[in-house]
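Visitor:
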Amino acid sequence: MIHTFLDTTIEFNIIFKKRKSVGIYVDIYGQIEVHAPKGTPIDTIHQVLENHWDSIIQKSKEMKDRTAAPMEKVYDHGEVFLYLGTSYPIVISTNLDQNQDYVMLEKDKLHVYVKQHNDETVRQALKRFYYRQCKTLVEARIRIYQPEFKMKPRSIRIMDDSSNWGTCNSRLELTFNWKLAMAPIEAIDYVVVHEMCHMVHLNHDRSFWRLVGKLR
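Residue numbers in the sequence shown follow numbering that gives the first Met the number 0, run continuously in steps of one, and reach 215 at the last position.
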């Protein structure tokens, strides 16, 4: 549905469920969801949106900007990187004798072990770390939600995509953005459920959002 207020138009989805009040949520994609008690008049939902208009617009923009334009990083000691929603400074160690560059989370720091210290080697080591962690995290969350679905994904891949957090195609192949490993676990869960629901409904119709609302 759409609603225009103060010269701004938004799109939003309504999910009716057993609850006592209307709640407004902005997901990791910047999309707006309204969770409302069954039987709530549409006019009431529009009024609730207008009552929270400024914060809805701001939050939606923040989420969209976060996915569209990641900050440039300096790949040196002390630079901060996100992992599961928490910021960690990196500590870089060099060792010409090690076989492979790698990253480990140790206490409150991301330790980067490389043969040679330059921006590209550190960047690639961090990227491999996020790829590996994202794969592990996504597969674990899918196992948790799998009992809610009759079909199973045929494959689960981690991708490098600047425009999507996840995708599902008609062959039930799921792909997820490696940057998800930077997000809090509740955001990872949302994307996992979102894409798993596409195994049932490939579009974003009302049935799709009802299923998402049921699980999240």
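Each residue gets a CB set at the ideal place from its N, CA and C atoms; glycine is no exception. Quantities reported herein were computed from a predicted structural model and do not represent experimental measurements.
Measure how close the beta-carbons of residue 23 and residue 33 come, nearest whole angstrom, since I'm counting them as under 8 Å.
Guide: Rounded, the Cβ-Cβ distance is 6 Å, consistent with contact.
Visitor: Which residues in the same chain as residue 220 place their Cβ atom closer than 8 Å to its Cβ, once the five residues preceding and following it in sequence are excluded?
Guide: Nothing about residue 220 can be read from this structure; the chain reaches only from 0 to 215.
Visitor: Ordered along the chain, which non-local residues of its own chain (more than five positions away) have a Cβ less than 6 Å from that of residue 132?
Guide: For residue 132, where only same-chain residues beyond five positions count, the Cβ hits under 6 Å are 180.
Visitor: Look up residue 35 in the DSSP assignment and say whether it is helix, strand or coil.
Guide: Strand, per DSSP.
Visitor: By the DSSP assignment, the beta strand (DSSP E) with residue 4 in it spans what residues?
Guide: Segment 1-4, the beta strand (DSSP E) holding residue 4.
Visitor: Mind checking which residues open and close the alpha helix (DSSP H) that includes residue 189?
Guide: Note, residue 189: alpha helix (DSSP H), 184-196.
Visitor: Can you list, in chain order, the residues of its chain whose CB lies under 6 Å from that of residue 77, leaving out five sequence neighbours each side?
Guide: Correct list, in chain order: 88.
Visitor: Taking all protein chains shown into account, do 16 or more other C-beta atoms lie within 10 angstroms of the C-beta of residue 100, making it buried, or fewer, making it exposed?
Guide: Flag for residue 100 reads buried.
Visitor: On a Cα-Cα basis, can you pick out the residue from 149, 96, 192, 90 that is closest to residue 166?
Guide: Of the candidates 149, 96, 192, 90, the one whose C-alpha sits nearest the C-alpha of residue 166 is 192.
Visitor: Put residue 21 into one of helix, strand or coil per three-state DSSP.
Guide: Here residue 21 sits in coil by DSSP.
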